[in-house]
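Q: Taken in order, these protein sequences are the chains called A and B.
First residue of the first sequence? That's 5 in the working numbering, and the numbers climb one at a time after it.
First residue of the second sequence? That's 5 in the working numbering, and the numbers climb one at a time after it.
2 protein chains.
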Amino acid sequence: MAVVAQEELSRVFAALADPTRRAILARLAHGEATVAELAAPFAMTLPAVSKHLSVLERAELIERGRRGPGRPCRLLPQRLRDAEGWMRDRRAFWETGFGRIQARLDETADEEGTDDE
Amino acid sequence: MAVVAQEELSRVFAALADPTRRAILARLAHGEATVAELAAPFAMTLPAVSKHLSVLERAELIERGRRGPGRPCRLLPQRLRDAEGWMRDRRAFWETGFGRIQARLDETADEEGTDDE
DNA sequence: CACCATATTCACCAAACGGTTAACTTAACC
DNA sequence: GGTTAAGTTAACCGTTTGGTGAATATGGTG
Chain A
5 MAVVAQEELS
15 RVFAALADPT
25 RRAILARLAH
35 GEATVAELAA
45 PFAMTLPAVS
55 KHLSVLERAE
65 LIERGRRGPG
75 RPCRLLPQRL
85 RDAEGWMRDR
95 RAFWETGFGR
105 IQARLDETAD
115 EEGTDDE
Chain B
5 MAVVAQEELS
15 RVFAALADPT
25 RRAILARLAH
35 GEATVAELAA
45 PFAMTLPAVS
55 KHLSVLERAE
65 LIERGRRGPG
75 RPCRLLPQRL
85 RDAEGWMRDR
95 RAFWETGFGR
105 IQARLDETAD
115 EEGTDDE
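1) What is the DSSP secondary structure of T100/B, counted as helix, strand or coil?
2) Which one of L57/B, Q82/B, E36/B, E12/B has the shortest CA to CA distance from D22/B?
3) Which bits of chain A does E88/B rub up against, with CB to CB less than 8 Å?
4) A44/A: buried (16+ other C-beta within 10 angstroms of its C-beta) or exposed?
5) Beta-carbon of L29/A versus every beta-carbon of chain B: anything under 8 Å?
6) Starting from L57/B, follow the alpha helix (DSSP H) in both directions and report where the run begins and ends.
7) Rounded to a whole number of angstroms, what is the C-alpha to C-alpha distance between A47/A and L80/B?
8) Are the CB atoms of A19/B and V53/B nearer to each other than 8 Å?
9) List, in chain order, every chain B residue whose beta-carbon is nearer than 7 Å to that of F46/A.
10) Give the secondary structure of D86/B by DSSP, where H, G and I count as helix, E and B as strand, and everything else as coil.
11) Do A63/A and R31/A come within 8 Å of each other at the CB atom, strictly closer than that value?
12) Please check the pair C77/A and A37/A, which I expect to be a contact at CB under 8 Å, by giving their CB distance rounded to whole angstroms.
13) Check the DSSP bridge columns for P76/A and list the partner residues they point to.
14) Can you tell me whether DSSP reads R70/B as helix, strand or coil?
15) For the alpha helix (DSSP H) that A33/A lies in, which residues bound it at each end?
16) Which of the three DSSP states, helix, strand or coil, is assigned to F17/A?
17) Taking only beta carbons into account, state which residues of the stretch 10 to 23 of chain B come closer than 9 Å to chain A, listed in chain order.
18) Looking at L13/A and W90/A, is the spacing between their C-beta atoms short of 8 Å?
19) Shorter than 8 Å from the beta carbon of L79/B to some beta carbon of chain A?
20) Candidates E99/A, G72/A, E67/A: which alpha carbon is nearest A40/A's?
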């Protein structure tokens with residue numbers, strides 16, 4: 005049933021809560037990159053970016069190669085899948101059973117490009 | 005294409021980063037509830053729970069009825085869908101093109117019980 | 001080896017977070 | 001209309017977070 009530890013889930017969501025870190029992940033989705041490359045788009049110092057990468061690494065959203073210059077960073081997919089799964093589970097519950105009428109109401113109420121599947 | 009403002013996404017993920025708030029959402033997936041009902045399972049004071057609800061409300065993950073005793077809380081699905089969509093987009097990028105080999109590697113590597121509970 | 005660019009660690013800081021207790025509001029019910 | 005239970009607001013406290021600059025480590029290359 006792929007039950008994920010609460011603490012891991014918390015670290016993942018906390019990591020995703022920062023726009024800089026989300027941008028880094030978006031960049032890494034296109035392929036491996038070094039710290040300097042990842043830092044380039046942002047108006048902040050290298051240590052700041054390095055910290056963000058540590059947060060992402062502790063959340064197991066990324067993985068890093070050897071230490072030192074040109075250190076490579078790459079995306080790890082599993083935790084993102086875990087988090088996505090948690091949301092899907094919530095949605096499954098609320099879309100069936102008791103919450104169902106509520107869900108229908110909400111959907112008709114805010115009629116804006118809701119993509120369900 | 006349902007492009008979601010960065011700030012909203014940050015608020016949603018930040019709200020989801022706390023286990024208490026995730027538990028509250030899980031409870032609300034089963035149906036509407038009052039603050040006292042939501043607070044019951046937790047070893048913390050009412051004001052603490054009230055704060056958590058405010059965070060969820062600012063993130064537009066929940067909605068609350070009239071103020072005062074018996075105040076009803078209910079789930080709002082849209083932001084959860086937005087966040088899920090953001091993850092799906094990341095995944096789509098990394099699963100195609102450059103990141104593809106990486107993804108295959110990860111999946112075969114993690115093939116055995118990486119999901120603890 | 002020495003050099004150099006890359007990256008991390010080390011204080012340090014201000015602001016935000018998660019919790020508390022105490023005081024105040026709000027709505028319902030005799 | 002007063003009492004009372006349910007929620008919120010206010011003030012406060014310790015910890016975490018996101019950033020800085022300065023110092024330190026790492027590894028490829030002349």
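Just so you know, even glycine gets a beta-carbon here, dropped at the ideal spot from N, CA and C.
These numbers were taken from a predicted model, which means no experiment stands behind them.
A: Put simply:
1) Within the second sequence, numbered from 1, the residue matching residue 100/B stands at position 96. The three-state reading of DSSP puts T100/B in coil, since its state is none of H, G, I, E or B.
2) On the second sequence, residue 22/B is found 18 positions in, with the first residue counted as 1. Checking every option, the nearest Cα to that of D22/B belongs to L57/B.
3) Position 84 of the second sequence, counted from the first residue, corresponds to residue 88/B. Under the 8 Å cutoff, chain A gives E88, M91, R92, R95.
4) In the first sequence, residue 44/A corresponds to position 40, counting from 1. Its Cβ having fewer than 16 others within 10 Å, A44/A is exposed.
5) What you label residue 29/A is simply residue 25 of the first sequence in a count that begins at 1. Judged by the 8 Å Cβ criterion, L29/A is in contact with chain B.
6) On the second sequence, position 53 is the one that residue 57/B refers to. Note, L57/B: alpha helix (DSSP H), 50 to 62.
7) Counting from 1 along the first sequence, the entry for residue 47/A is found at position 43. Counting from 1 along the second sequence, the entry for residue 80/B is found at position 76. Rounded to whole angstroms, A47/A to L80/B spans 35 Å at the Cα level.
8) Position 15 of the second sequence, counted from the start, is the residue given in the question as residue 19/B. Position 49 of the second sequence, counted from the start, is the residue given in the question as residue 53/B. Not in contact: A19/B and V53/B (Cβ atoms no closer than 8 Å).
9) Reading the first sequence from its first residue, position 42 is the one you call residue 46/A. Under the 7 Å cutoff, chain B gives no residues; its nearest Cβ is about 13 Å from F46/A.
10) For the purposes of this step, residue 86/B is taken as residue 82 along the second sequence, with counting starting at 1. The answer is helix: DSSP assigns D86/B an H, G or I state.
11) Walking along the first sequence from the start, residue 31/A turns up at place 27. Walking along the first sequence from the start, residue 63/A turns up at place 59. Going by C-beta atoms, R31/A is not nearer than 8 Å to A63/A.
12) In the first sequence, counting from the first residue as 1, residue 77/A sits at position 73. In the first sequence, counting from the first residue as 1, residue 37/A sits at position 33. Yes, C77/A and A37/A are in contact; Cβ-Cβ is about 6 Å, under 8 Å.
13) If you number the first sequence from 1, residue 76/A lands on position 72. Beta-bridge pairing links P76/A to T38/A.
14) Here residue 70/B is taken as the residue at index 66 of the second sequence, counted from 1. Residue state, collapsed to three classes: coil.
15) Position 29 of the first sequence holds residue 33/A. It spans 23 to 33 - the alpha helix (DSSP H) in which A33/A sits, taken as one unbroken run.
16) Residue mapping note: residue 17/A aligns to position 13 of the first sequence, counting from 1. Note: F17/A maps to helix in three-state DSSP.
17) Q10, E11, L13, S14, R15, V16, F17, A18, A19, L20, A21, D22, P23
18) What you label residue 90/A is simply residue 86 of the first sequence in a count that begins at 1. What you label residue 13/A is simply residue 9 of the first sequence in a count that begins at 1. In this structure, the beta-carbon distance from W90/A to L13/A falls below 8 Å.
19) Here the question's residue 79/B lines up with position 75 in the second sequence. Interface residue, yes.
20) Walking along the first sequence from the start, residue 40/A turns up at place 36. Of the listed residues, the one whose Cα sits closest to A40/A is G72/A.
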